[in-house]
Each structure stands twice: as structure tokens, then as C-alpha cells.
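Before any comments, here is the structure.
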Amino acid sequence: MKKNILIISILISLQIIAQSNQKQITIIGDSLKGKLIEGENIREVIGNVIITQDDVTITCGKAIQNINKNSAILIGNVILTQDSVVIKTEKGNYFGNEKITTSDTLVHLENKSTNLFANSGKYDLNTKIAEFKGDVLFYDSVTTLHSQKLIYEKDIEKIIATKNVEVSDSVSKINSDSLIHFRISKLTEGFGKIKIYSKENNVTIFGNQLLDDKQNNISKIFGNPFLTQIETLSDSTYDTLYIQSKYMEAKRDNNSKLIAIDSVKIIRGDFLSNNDFTIYDQASEEITILKQKEKPIPILWYEKTQITGDSIYIFLDSSKIKNVDIINNAIMISQDSVYQFRFNQMSGDSIYLKFSNGDLVQTNVYGNVLSIYYLFEENEPNGLLKSSAEKYKIFIDENKVTDVKLYGSPVSEYHPENLVEGNEKAFTLPTFILYENKPDKKIFEKMFKELNKN
Amino acid sequence: MKKIFLIILLQFIFIFCGEEKLKPKIDNSINSKEIPDQESRNAKITFTENGKLKAVLFSDIIKVLGNKNEKYLEGVTVDFYNEAEQKNSRLTSKKGRVDDLTQDMYAIENVVAKSDSGVTLTTEELIWRNKTKKIMTDKFVKIVSDKEIIEGYGFESDQSLRNYTIFDITYITNVEQ
Chain A
2 MKKNILIISI
12 LISLQIIAQS
22 NQKQITIIGD
32 SLKGKLIEGE
42 NIREVIGNVI
52 ITQDDVTITC
62 GKAIQNINKN
72 SAILIGNVIL
82 TQDSVVIKTE
92 KGNYFGNEKI
102 TTSDTLVHLE
112 NKSTNLFANS
122 GKYDLNTKIA
132 EFKGDVLFYD
142 SVTTLHSQKL
152 IYEKDIEKII
162 ATKNVEVSDS
172 VSKINSDSLI
182 HFRISKLTEG
192 FGKIKIYSKE
202 NNVTIFGNQL
212 LDDKQNNISK
222 IFGNPFLTQI
232 ETLSDSTYDT
242 LYIQSKYMEA
252 KRDNNSKLIA
262 IDSVKIIRGD
272 FLSNNDFTIY
282 DQASEEITIL
292 KQKEKPIPIL
302 WYEKTQITGD
312 SIYIFLDSSK
322 IKNVDIINNA
332 IMISQDSVYQ
342 FRFNQMSGDS
352 IYLKFSNGDL
362 VQTNVYGNVL
372 SIYYLFEENE
382 PNGLLKSSAE
392 KYKIFIDENK
402 VTDVKLYGSP
412 VSEYHPENLV
422 EGNEKAFTLP
432 TFILYENKPD
442 KKIFEKMFKE
452 LNKN
Chain B
4 MKKIFLIILL
14 QFIFIFCGEE
24 KLKPKIDNSI
34 NSKEIPDQES
44 RNAKITFTEN
54 GKLKAVLFSD
64 IIKVLGNKNE
74 KYLEGVTVDF
84 YNEAEQKNSR
94 LTSKKGRVDD
104 LTQDMYAIEN
114 VVAKSDSGVT
124 LTTEELIWRN
134 KTKKIMTDKF
144 VKIVSDKEII
154 EGYGFESDQS
164 LRNYTIFDIT
174 YITNVEQ
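Going down the list, the sequences are from chains A and B.
Following my numbering, the numbering of the first sequence begins with 2 at its first residue and continues without gaps.
Following my numbering, the numbering of the second sequence begins with 4 at its first residue and continues without gaps.
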């Protein structure tokens, strides 16, 4: 029992000694003025001042220390060093009991390859957490960050930036209301008014929340993300891709991909789409649209044509559409350019569209093919043709059908014009549905302008 | 009577002829100019200004050298008093010197000055200027209080040791003693 009490006493004594040592400050300087001002013991150390407390060293031109409060005002070329952290300012304060340093003038924190500048700052030498305010600039060899307020946790290299945050590197720029960045794990979380701009492919993504995982090369954007990509076409004109959804995910590896999920709206030139799952592979210029369980079938519009199917694959070549493949439950409905209620229809297991210089040149339909095709003779309507076959090929030149080929037990029936006229709505395929919820390009253009202003 | 005188005379002659002649010893180390005019023991000198008590000096020995206008002291203690004539600091040293013309005091060897505010100053030489009421030295100085240790070379202070300047300092603060 006595032994235990002795050990505890020794431990407590050691702790007290450790605590008292921790508070001890040693100061070297050219001269010291001791003063008693309003009952406060003041020490003014002037010239080549070096202050040390534990692992903290401060050098400056002049230090005015309040003995009772154990605090000091540091003036002139102030340099504070602790481990790898170096803080520089022209005027600052040091609170010895709390081991906190503050500055209301331009302050520069340096830690290995990272640099932090601000109009004012506070650094807690115990917790090793810096709080910087006013025109904060943080940069390392890769990234530059601007904000109005920044908290930097040195040990875990965590950055919390708020107010007008802008992070940029050689290829991208992120703007947000606030941002949390973990330098070691290269994980970034952004909140509020997110804007991501990629110089590499001229893509801008807006959203409300961002999770950027550089180690795993993945970025997630939440809160109605909206993507725009301005592309220069081969004829030097511009075209803009718009994608809006409830969630987006960008994977940056050998095959950079953008995945848009839930209520996806796409506009690109004459192509429009409404769906719930889109993959945009920028490298291979492929857009994949897939039907999700319990969700409506994907829809694609091209000029006056509506295409639906479980899976739609769009292949681009130098930003121009090369092929469109519609797999499972495919149906293509084209409105006549003159007659509002006349729709050429074609359904099958799969439809393959081939384009040349952006113009449709061939349509192939495979499996359980059904079609309704309106006929014209010298621009005058001439009934319609209902057909069924196993395989269907349509050849088009300058937007006019030049040849139609049916394969595998084809059956066709002709409906004369007198039976068709005024009765067009009766001639529809079993899976015929006309969708009206097209994405509106003007709304997207307006949205882009407004979001880009901020 | 003549016989008696003769016997005495013979005895003197006998005595002086039987021994070597002795000369009185001369101490050459003593400079006649250094020989004090006065010497006091357990002395006390009071310094006043406009009738107000400023300092009281106690000394084991005081030697007054009139021709040099100086007093040499051994075993010195000086008590300093503030405006309210309250004792606010004490200085002790092994030796000391007082300039009679300026009334400046020099504390020499093992100088220790303690203020009532808990500040202790140690040095090898300290001068108290009567005119300015300031304490100063150009020697190594160490000041110790309950919260700090200050070491430096050269020192200037008011006599209460509250307002002072030290040069080339090493300063340890927040010392838990």
C-alpha cells in the first residue's frame, strides 16, 4: 500500500514537473527592459530576439511580454518554428500558457511543400491546427486553393476552406461554398454551389455536393448535377453537350467515364434523351444509356424521331454521331415532316442506326420486326404499309428512303389512303408510346449562363 | 645614592652590550595617503533628500579617507526607501565605497539586491547614483523572481528594481520554483 502511494506520488510529482517545464519560456535578446505598468509586469526584449518553449522557437526584432498573462506581442520579422511548420509575419502574439500564436497582419505558414498565406491567422501549437482568414491562399506543388477562411490540421493534413473556395491544378478548377480536403488520402468534399471545370476536355459540372477521391480516381457529384461540354466541331462551329441528373460520378482511369444516374436529361446537338442511367465515355466517345429496374424506359430523340429501348449505345466520331444501337424492346417512331399525326414506326428486338457526317444513312432492325410506313407518291400521301419480318434494312440518302429490304418470312399489308386519312391514330404498333418530356435546350442554356455567372 | 645610580647605569650598559641592536619595523605596504582619517565600526549612514529618507547604509567598518573624499566600507547593507519613506529594497555586498562628493555608492563583491516585490539581483559590482537614484553596472547580472530568471551583461534600474534594462540577455520566464 505504502509502495503504491509512493509510486503515485512520484508520478504526480513528475507530471507537475513536466507541466511546469512545458510552460517555461527562454528568451535571448540584445537587451531587456523590465517595467511595471498598471500592476502588470512587462518585459520588452529588443534586438535579435529568440524565444523558445518546448519545441517552439520564435525569432523577431522585438518581443513585449506580459509576465502575469504569459503572453507576448511579437514585432518585426516574426518567424515561428515548430517541427516542420514555419510561420512568418510582421507582427503577432504568442500566448505561452495556451501555446497559441495569432497575427492580424499578413501571415505565411509553411509546412514541407505546402504554403499558406492569409490576412490574419491563428495557430495552436498544441493541437497543431491553423485558422487563417482573409484572402487565404494555400498551395503545394500540385494544387492551389483560394478562400476567405481556412482551417489547416497539420498532423492529419486536413484542410477546411470556406467562403468563395477555389481549388485548381494544372487540369481542373473547383469552386464551392466550402470544402474539406485531406491531403494524405487526396480526398476532397465540397459543399454548396459546386463548379468543376476541366481544362482538358472543356467540361464544366455544377452541383450542390462533391466527393473527389483522387487515389481511386473517382469523383461523385450530388444535388442535381449539371454538366456542360463545349466542343469545337471539325467545321469550326461549336456544339454543347448538356447532361443533368440527380447524381453523377466521374471515373478517371484509363477509360475516363462519366456516369449520370436518376432523372438524366441529355442534350447534344439534335440528340435529346430522358433516362435514368447514362455512361459517357469521353475517351472512346461512347454514350451508353441503360434502363433501370422499376424506372421508365430510356428515350432518345433525334430531330423528329423518337427512339426507345432497354439499352441505347451512341457511338461518336470526332464528336459526330457514328452509330446508335438500341437493344431490347426497341422502337423507333418518326413524325412525318408534313403530316403531324403520321408516324413511321419500327419495332424489333434491336435497332441499329448508321450515320455519315451526322446524317442517318441506314437503319437495321433485328428480331420480331414490325413496321408501319406511310407511303407518298409525288409528295401526295398514298396510304401506309404494315410489315413484319425477322430482319429489316432501310437505306436512306439525303433524308429520303432509297431502299427497304425485309428478311425472314416477311408479311406486308397495304392500307389505302382513303382508309388511313383521318384515322392515323389507329395505326400504331403495340409498343407505340409518344413521349413529350423532351429536355428543353433553352432552359439548359439559361441555366448554364446563370450558374456560370456565380 | 651615587652607588645605586652607578649600578643601574652598569646594568643598562651590560644589557645593551649583551644583545644586538633592534630597529623598529616599517610596514611599507601602508601608503600614508591611504591611512584613514577616521575609522568606524558598525556604522550607519543615512541619506536624505529634501528631508525625506532615501537610503540607510550599514557597514561593519567604514574608513574615511579625507583627502580622497571617499569612504571605504566592509560588510555593507543598504536599505532603500520609496517616496512614502517605506523600505522597498535592500542591497548587501562584501565591500563598498561612497563618493563623498556625489554620494554615489559602489557595492563590490557578492552584491545581492532584493526588492520587496520578490526580485533578487546578484552581481559583482553595483553602483547607486545618488543624483538619479538609479542602480547600474556593466558587469554580469542575474535577476531572479518567482516567475523569471534574467541573466545579462550591463544593467540599469530604478532603486526599487521595478523598471530596468539589461543587455545581452538570456531570460527564462514562467519558472515554477
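Ideal Cβ positions, reconstructed from N, Cα and C, are used throughout, including at glycine.
>> Taking beta-carbon pairs under 8 Å, can you tell me which members of the stretch 24 to 52 of chain A lie near chain B?
In response: K24, Q25, I26, T27, I28, I29, G30, D31, S32, L33, K34, G35, K36, L37, N42, R44 and V46
> Terminal residues of the continuous beta strand (DSSP E) containing A:K215?
Replying inline: Taken as a continuous stretch (DSSP letters only), A:K215 belongs to no beta strand (DSSP E), as it is neither H nor E.
>> For the ligand ADP, I want to know if B:K66 counts as a neighbour, meaning its beta carbon is within less than 8 Å of at least one of the ligand's heavy atoms.
In response: Ligands displayed in this structure: none; no statement on the ligand ADP is therefore possible.
>> Closer than 8 Å is the cut-off here; do at least three beta carbon pairs connect the stretch 25 to 41 of chain A with the stretch 156 to 171 of chain B?
In response: yes
>> A:Y281 and A:L301 - do their beta-carbons sit closer together than 9 Å?
In response: no
> First and last residue of the alpha helix (DSSP H) that includes B:N70?
Replying inline: B:N70 -> no alpha helix (DSSP H), and no H or E assigned at all.
>> With H, G and I counted as helix, E and B as strand and the rest as coil, what does DSSP make of A:V143?
In response: coil
>> Quick check on the burial criterion: 16 or more other C-beta atoms within 10 angstroms. Buried or exposed for B:R44?
In response: exposed
> Can we say the stretch 85 to 96 of chain A touches the stretch 35 to 50 of chain A, given the rule of at least three CB pairs closer than 8 Å?
Replying inline: no
>> Only counting the same chain, and skipping five residues up and downstream in sequence, which positions put a Cβ closer than 6 Å to that of A:H160?
In response: Looking at the sequence shown, residue 160 of chain A is not His but Ile. Answer for A:I160: Y153 and H182, listed in chain order.
> Can a CB atom of chain A be found closer than 9 Å to the CB of B:R165?
Replying inline: yes
> Can at least three beta-carbon pairs, one atom from the stretch 285 to 292 of chain A and one from the stretch 303 to 321 of chain A, be found at a separation below 8 Å?
Replying inline: yes
>> Does A:K443 come out as helix, strand or coil in the three-state DSSP assignment?
In response: helix
> Counting contacts by CB-CB distance shorter than 9 Å, is A:G97 in contact with chain B?
Replying inline: yes
> Are A:L126 and A:V137 touching if we call contact CB-CB under 9 Å?
Replying inline: no
>> Give me the subset of the stretch 61 to 78 of chain A whose CB atoms are less than 7 Å from a CB atom of chain E, sorted by chain position.
In response: The structure shown has no chain E; the protein chains it does contain are A and B.
> Between B:K145 and chain A, is there a C-beta pair that is closer than 9 Å?
Replying inline: no
>> Across the stretch 98 to 107 of chain A and the stretch 116 to 123 of chain A, are there enough close Cβ pairs to call them in contact, namely three or more that are closer than 8 Å?
In response: yes
> Quick one: what's got a C-beta closer than 8 Å to A:N69's C-beta in the same chain, skipping five residues either side?
Replying inline: E41 and N42
>> So that I know if they touch, is there some Cβ in chain A lying closer than 9 Å to that of B:F83?
In response: no
>> Quick check on DSSP: helix, strand or coil for A:E451?
In response: helix
> Hey, quick one: how far does the beta strand (DSSP E) through A:N383 stretch, first residue to last?
Replying inline: E381 to D398
> Counting only beta-carbon atoms, is B:S62 nearer than 9 Å to chain A?
Replying inline: no
> What residues match up with A:Q336 in a beta bridge as DSSP calls it?
Replying inline: A:F344
>> Looking only at its chain, what residues have a beta carbon closer than 7 Å to the beta carbon of A:G359, apart from the 5 residues adjacent to it on each side?
In response: K321 and I322
> Mind checking A:N176: buried by the 16 CB within 10 Å criterion, or exposed?
Replying inline: buried
> What residue ranges within the stretch 295 to 336 of chain A form continuous beta strand (DSSP E) runs of no fewer than 3 residues, ordered along the chain?
Replying inline: 300 to 303, 306 to 309, 312 to 318 and 321 to 336
> In the DSSP assignment, what residue or residues form a beta bridge with A:L420?
Replying inline: Per DSSP, none; premise fails for A:L420.
>> Which of the three DSSP states is assigned to A:A427 in this structure?
In response: helix
>> Helix, strand or coil for A:K100? Go by DSSP, reduced to three states.
In response: coil
> Going by beta carbon distance, what residues of the same chain come within less than 7 Å of A:Q23, once the five residues before and after it are set aside?
Replying inline: Only weak support exists for where A:Q23 lies, its pLDDT of 47 falling under 50; the coordinates are left without a value.
> Do you know how far the Cα of A:G409 is from the Cα of A:D350?
Replying inline: 14 Å
>> Between B:N70, B:E77, B:S92 and B:L76, which has its C-alpha nearest B:K57's C-alpha?
In response: B:S92
>> Please give me, in chain order, every unbroken run of the alpha helix (DSSP H) with length at least 4 that falls completely inside the stretch 145 to 189 of chain A.
In response: none
> When DSSP labels each residue in this structure, what does A:S257 get in the three-state scheme?
Replying inline: coil
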